[in-house]
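Just so we're aligned, residue 16 is where the sequence shown starts under the numbering used here, counting upward by one. Cβ coordinates follow ideal geometry from the N, Cα and C atoms, glycine included. Small disclaimer: the values here were computed from a predicted structure and weren't measured. In what follows, a structure is listed as structure tokens, so that the remarks can point back to it.
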Amino acid sequence: MSGTAVLVVDEPFRSLWAGRDPFDAVEALRGEVFRELEGRRTLRVEIDGRGYFVKIHRGVGWGEIVKNLASARLPVLGARNEWRAIAHLTGLGVATMKAVAYGERGTNPAKQHSFIVTEELAPTVSLEDFCRDWPRRPPAFALKRALIARVADVARKMHGSGMNHRDFYICHFLLHLDPAPTPAALRLSLIDLHRAQIRARTPRRWRDKDLASLYFSALDIGLTQRDKLRFLRGYFGRPLREILRDEAALIARLETRAAQLQTRYLRKYAPAEERR
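Below you can see the structure in the form of structure tokens.
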């Protein structure tokens with residue numbers, strides 16, 4: 016394992032990989048593949064009846080690095096982003112994944128080999144799926160209000176700590192189903208952190224991008240104007256009158272950006288007959 020910069024392996028992988036090179040061992044894992052790209056592979060495996068998600072990064076290449084930098088975006092070079100983001104959110108008291116193995120080796124950013132293994136969060140359902148039928152079958156008011164408050168709290172803590180998500184959609188919030196969620200007791204975990212950024216302070220640009228993405232992803236779940244105001248009050252933690260006065264420009268930008276994202280989404284994914 017020459018050139019290994021970081022290696023953390025907990026059970027059950029410590030025992031499973033005993034006497035083996037963890038980088039070879041993780042590549043040998045077999046399971047349901049969720050994503051297979053030239054430089055990244057994501058799969059689900061089962062060990063002793065328990066599920067784990069494995070993300071393997073094999074280097075993005077200089078071409079991808081240059082393309083990202085030319086677009087003023089920091090490239091995701093490996094598993095380190097997700098490892099750091101999990102630790103960061105956990106330190107804030109924000110529920111997220113639990114990493115049980117992480118490794119990184121190689122100093123060449125274009126060829127760096129890294130991986131992260133996280134425990135499967137189950138049984139859960141994404142907020143996107145949980146809220147899908149709300150326009151036709153509205154939820155209990157108290158539960159909807161509690162979920163809005165929890166999402167606002169996560170966003171407030173994350174941005175207040177200097178972290179932005181970059182894929183901040185409701186599909187990346189997992190609602191735990193055991194025990195069944197109630198307004199007084201619900202568990203919500205934030206996932207898919209591989210593009211997250213952590214700084215001393217979250218730039219307004221990246222904060223606004225996250226909020227616009229969240230708003231866009233919730234456009235079709237039947238939220239009322241009052242629901243949106245509840246989120247703003249929870250996120251900013253100030254009287255609503257002050258928020259509407261001081262954040263009017265932001266609210267207008269969110270509306271515009273969410274509409275742009277929806278137009279782009281429909282252009283890319285809507286069936287051809289829906290675009291005629």
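Rounded straight-line distance, which links the Cα of residue j to that of residue i
| i | j | result |
| --- | --- | --- |
| Tyr280 | Ile236 | 16 Å |
| Lys113 | Ala273 | 31 Å |
| Arg260 | Leu269 | 15 Å |
| Arg290 | Arg282 | With a pLDDT of only 45 at Arg290, under 50, the local geometry of the prediction cannot be trusted, and the value read off the model is given with reservation. Approximately 7 Å, taken between the alpha carbons. |
| Asp182 | Arg220 | 14 Å |
| Asn123 | Trp98 | 19 Å |
| Glu26 | Gly106 | 22 Å |
| His128 | Leu52 | 14 Å |
| Phe49 | Pro37 | 21 Å |
| Thr278 | Phe231 | 10 Å |
| Ala267 | Pro254 | 19 Å |
| Met16 | Gly108 | Its pLDDT being 48, under 50, Met16 is placed unreliably in this model, and the value from its coordinates should be taken loosely. Using only the alpha carbons, I get a separation of about 34 Å. |
Within 8 Å, strictly: CB atoms of residue i and residue j
| i | j | result |
| --- | --- | --- |
| Arg95 | Ile71 | no |
| Asp225 | His191 | no |
| Leu31 | Gly46 | no |
| Arg216 | Gly252 | no |
| Ala211 | Ala100 | yes |
| Phe130 | Val169 | no |
| Ala161 | Pro198 | yes |
| His174 | Arg222 | yes |
| Leu234 | Ile185 | no |
| Arg165 | Leu201 | yes |
| Ser228 | Leu265 | no |
| Gly325 | Arg73 | Missing from the structure shown is residue 325; the chain here goes from 16 to 291 and no further. |
| Thr103 | Ile258 | Note that residue 103 is His in the sequence shown here, rather than Thr. Not closer than 8 Å, so no. |
Extent of the continuous alpha helix (DSSP H) to which residue i belongs
| i | result |
| --- | --- |
| Ala94 | Careful: Ala94 lies outside any alpha helix (DSSP H) and carries neither H nor E. |
| Leu58 | Counting along the chain, Leu58 falls outside any alpha helix (DSSP H), though it belongs to the beta strand (DSSP E) covering Arg55 to Ile62. |
| Gly329 | Residue 329 is absent from the model: the chain starts at 16 and stops at 291. |
| Val41 | Pro37 to Glu42 |
| Ser30 | Phe28 to Leu31 |
| Arg219 | Arg219 to Ser232 |
Span of the beta strand (DSSP E) around residue i
| i | result |
| --- | --- |
| Tyr184 | Run containing Tyr184: none; DSSP gives neither H nor E here. |
| Ser204 | Leu203 to Leu205 |
| Arg45 | Note, Arg45: premise wrong, no beta strand (DSSP E); not H, not E. |
Are the segment 114 to 130 and the segment 204 to 212 touching by the rule of at least three beta carbon pairs closer than 8 Å? no
Does the pairing of the segment 132 to 141 with the segment 240 to 248 give three or more beta-carbon distances under 8 Å? no
Secondary structure, alpha helix (DSSP H): runs of 4+ residues fully inside the segment 115 to 171: Whole alpha helix (DSSP H) segments, 4+ residues: 142 to 145.
What residue ranges within the segment 243 to 272 form continuous alpha helix (DSSP H) runs of no fewer than 4 residues, ordered along the chain? 255 to 261
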